[in-house]
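Peer 1: Be aware that the sequence shown starts at 61, since it is given in the working numbering, and climbs by one per residue. Built from N, CA and C at the ideal position, the CB exists for glycine as well. The structure displayed is predicted, hence computed values, not measured ones.
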Amino acid sequence: MTYEIEKRAHFITKDRFELCKKLVQKQSPFLKKYEYKTFLFREPEYLRIRITNGKKRVEITKKIGTSATRKEINQTIPLKYLSKYIKKIEAQGFEKGVEINAHSQVYTWNGVTIAFNTINQLGMIVEVEA
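(1) Quick one: residues in its chain with C-beta nearer than 8 Å to the C-beta of Gln85, no 5 flanking neighbours on either side, listed in chain order?
(2) Look up Pro138 in the DSSP assignment and give the residues it is bridged to.
(3) Report the partner residues of Glu187 according to the DSSP bridge assignment.
(4) Hey, would you say the C-beta of Thr136 is under 7 Å away from at least one heavy atom of the ligand MG?
(5) Keeping to the same chain, check which residues put their C-beta closer than 6 Å to that of Glu66; ignore five residues upstream and five downstream.
(6) Mapping the DSSP letters down to three states, classify Glu155 as helix, strand or coil.
(7) Let's see if you can read the secondary structure: which residues bound the alpha helix (DSSP H) around Leu83?
(8) Report buried or exposed for Asn177, applying the criterion of at least 16 other Cβ atoms within 10 angstroms of its Cβ.
(9) Using a Cβ-Cβ cut-off of 7 Å (strictly less than) and excluding sequence neighbours within five positions of Ile145, which residues of its own chain qualify?
(10) Using a Cβ-Cβ cut-off of 6 Å (strictly less than) and excluding sequence neighbours within five positions of Ile174, which residues of its own chain qualify?
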C-alpha cells in the first residue's frame, strides 16, 4: 500500500508567493508547467474530474471516507467519453459542485514534489507532496 503525504499553504500576497517560488527555483529542478480545469462533485462521496490542457485523457479521483487516511481511487478515461461518464455518475446521485481553473508550475526536490498553483477562485497555493 502507498501513502501520500500532502501539505498546502495559501498565500495572501503575490510578493510572498513569488519569494517562495524563487527560493525553490534555486534548489529544485523544474519539472513541468500546465493548466487544468477541475470539476468537484458532492455526495454520495468525493469525486474530482480533472482535465489537463493538451492531454487526451481525463483524471478521475474518488475519495471514500472522511478521515485523513481515507481510501483514494484514481482512474483515467479518454476525454471523448467524458460526457457519457458525467451522465452515468449523475444517475448515481452525484451533483456537480464547483468548477476550478488553475495554472501550475511543478518542481521536484529530493523526492518531494512542490507545485505553485494559481487557482482562479482560491488564489495562490503551494502544495508539497511526498
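Peer 2: Taking the definition as stated:
(1) So the list reads Tyr167, once near-sequence residues are dropped.
(2) Arg117, per the DSSP bridge assignment.
(3) Glu187 is bridged to Arg68 and Ala175.
(4) As far as ligands go, the structure on display features none, and thus does not contain the ligand MG.
(5) Around Glu66: Glu189.
(6) Of the three classes helix, strand and coil, the one that applies to Glu155 here is strand, per DSSP.
(7) Per DSSP, Leu83 belongs to the alpha helix (DSSP H) from Lys74 to Gln87.
(8) By the 10 Å Cβ count, Asn177 comes out buried.
(9) The residue asked about is misnamed: residue 145 is Tyr in this sequence, not Ile. Ile137.
(10) Cβ within range, chain order: Val84, Tyr167 and Val188.
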